[in-house]
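Sequential numbering of the sequence shown, starting at 1, is according to full-length UniProt numbering.
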Amino acid sequence: MKKVVLNGNMKVLVLILGLLMMSVHCLFAQTEKYDESTKQELTSLSKQKWQWMADRNVDSLNVLFHQEAVFVHMGGTMTKEQELNTIKSGGIHYKHTEIKETSVRFVGNTAIILDRIRLTAVVGGNEVVNPFMVTEVYVPIDGKWKLGSLSFTRLLGD
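Structural data, given as structure tokens:
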């Protein structure tokens with residue numbers, strides 16, 4: 001049997017291939033962590049959030065929103081406290097949300113939900129209807145999903 005001797009370049013190549021194979025394995029192991037039932041759980045949670053917003057249920061929203069959550073609206077950004085106060089006071093009343101399309105993706109332990117919606121809201125006493133792509137970012141904290149970010153991007157058409 002002939003002995004194979006690796007030169008310096010071949011050793012580097014073998015090392016790189018080994019690391020690449022380990023990285024691919026870790027990537028697949030991480031994406032397998034969340035299955036369809038987790039996606040369904042998050043989709044349901046997102047729908048429930050829209051209903052809580054319509055109902056001005058700030059107690060449930062307070063539990064769902066992470067303390068460091070950020071909210072991006074057409075007119076600016078808000079903290080958790082500002083968002084809850086705006087909902088409670090009626091500064092923005094999320095009257096009805098028609099969800100047209102939802103997708104859930106994972107980046108590590110972070111869940112990203114994209115909702116294409118048609119939102120009917122009362123803002124400053126005026127009812128407005130706008131199409132949005134809404135990005136929701138959820139992180140698992142102590143076995144529960146917490147909303148870390150909610151961003152509205154107005155779409156040009158329905």
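Built from N, CA and C at the ideal position, the CB exists for glycine as well.
- By the CB criterion at 8 Å, N109 and V139 fall inside the cutoff.
- The C-beta distance from T135 to I112 rounds to 7 Å, short enough to fall under 8 Å.
- When C-alpha distances from G157 are compared across M133, K146 and Q82, the shortest belongs to M133.
- Within the segment 58-145, the complete alpha helix (DSSP H) segments at least 4 residues long are 58-64 and 80-89, listed from N- to C-terminus.
- Nearest C-alpha to K146 among N57, F106 and V137: V137.
- In the DSSP assignment, D55 falls within the unbroken alpha helix (DSSP H) covering E36 to D55.
- Spanning the alpha carbons of L155 and G76 requires a straight line of approximately 17 Å.
- By alpha-carbon distance to S149, the top candidate from I141, A69 and D115 is A69.
- If you check the CB distance, I87 and K100 do not come in under 8 Å.
- Q67 has its alpha-carbon roughly 25 Å from the corresponding atom of A121.
- In this structure, S103 is the residue among K49, G125, S103 and V107 with its C-alpha nearest to the C-alpha of D115.
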